[in-house]
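Residues are numbered in this note's numbering as their position in the sequence shown, beginning at 1, plus a constant of 682.
We treat Cβ as the ideally placed atom computed from N, Cα and C, and that holds for glycine.
Values in this document were obtained by computation on a predicted structure and should not be read as measured data.
A short worksheet on the structure shown next.
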Amino acid sequence: MTIQKFRKLDLLVLTILAVISDLLIAIFGILNISLFLSIAFPILILVFVRWHPFGFITQGIIMLSHLLIFGLFSDNGWLVALLHTASILGFTLSYTVINKYGKKTSIGFQHIFTAFMLGYIGFILLSWGLYHLINPIRLDAILISHSINMLLGLGLLLLINRQKVLLVNMVSYLLEKNEEK
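Now the structure itself:
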């Protein structure tokens, strides 16, 4: 299998996993205004590490799925769903860290942590700013709403990091494995 075919398959599987996990969270009623849960954000970091700019494809699909999930399953309406979706662009900041430190096969967890936190802070600040346009909201309310998800995401990334071949630059990794043959 070529790297391009493997990349397409890997992106497809991880993107579907991100979308379905968040859809299931919404279907089973875990989604509400006081608590936000999403498995998609740590998966997005995983995809950025593995495939670098191709992760923006996954980010776009996650954004579209969140627009539909929030629009259909939340009582807050489509405008709030649109604002939430736009806030996911804050995770673009994660890519700046990954792009800088993820050129080699493996990237240290401190950089994964920094990328996730930077992306999440970008997401929270963008959410706060955009929500403020329609209804002033306190920053601490958004922080509380997202704190459990942030911890869940970090825990998931720690778990993923225990598998040494998951949080790696896949192009470098596959080329190294090919040279070993």
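So does the stretch 690 to 702 actually touch the stretch 802 to 816, counting three or more Cβ pairs closer than 8 Å?
no
According to DSSP, what are the bridge partners of residue 788?
850
Leaving out the 5 sequence neighbours to the left and right, which residues in its chain are closer than 8 Å to residue 779 when beta-carbon positions are compared?
793, 796, 797, 800
Return the Cβ separation of residue 696 and residue 743 in integer angstroms, given the expectation that the two are a contact with Cβ distance under 8 Å.
That pair is no contact at about 10 Å.
With distances taken Cα to Cα, identify the nearest neighbour of residue 824 among 751, 766, 786.
766
Under a Cβ-count criterion, where at least 16 other Cβ atoms within 10 Å of its own Cβ denotes burial, should residue 741 be classed as buried or exposed?
buried
Once DSSP output is grouped into helix, strand and coil, what is the label at residue 818?
coil
Measuring CB to CB, does residue 812 end up less than 8 Å from residue 768?
yes
Output the distance between the C-alpha atoms of residue 715 and residue 702, rounded to the nearest integer angstrom.
With a pLDDT of only 47 at residue 715, under the threshold of 50, the placement of this residue in the model should not be trusted; the figure read from the coordinates follows. Between residue 715 and residue 702, the C-alpha separation is close to 20 Å.
So, residue 756 versus residue 831, is the Cβ gap smaller than 8 Å?
no
If you compare alpha carbons, which of 704, 820, 729 is closest to residue 688?
729
Could you tell me whether the Cβ atoms of residue 802 and residue 723 are closer together than 8 Å?
yes
Identity of the residue in 738, 856, 846, 746 nearest residue 704 by Cα:
746
What does a CB cutoff of less than 6 Å around residue 848 pick up in its chain, not counting 5 residues either side in sequence?
842
Residue 774 beta carbon less than 8 Å from that of residue 850:
no
Assigned exposure category for residue 683 - 16 Cβ within 10 Å defines buried
exposed
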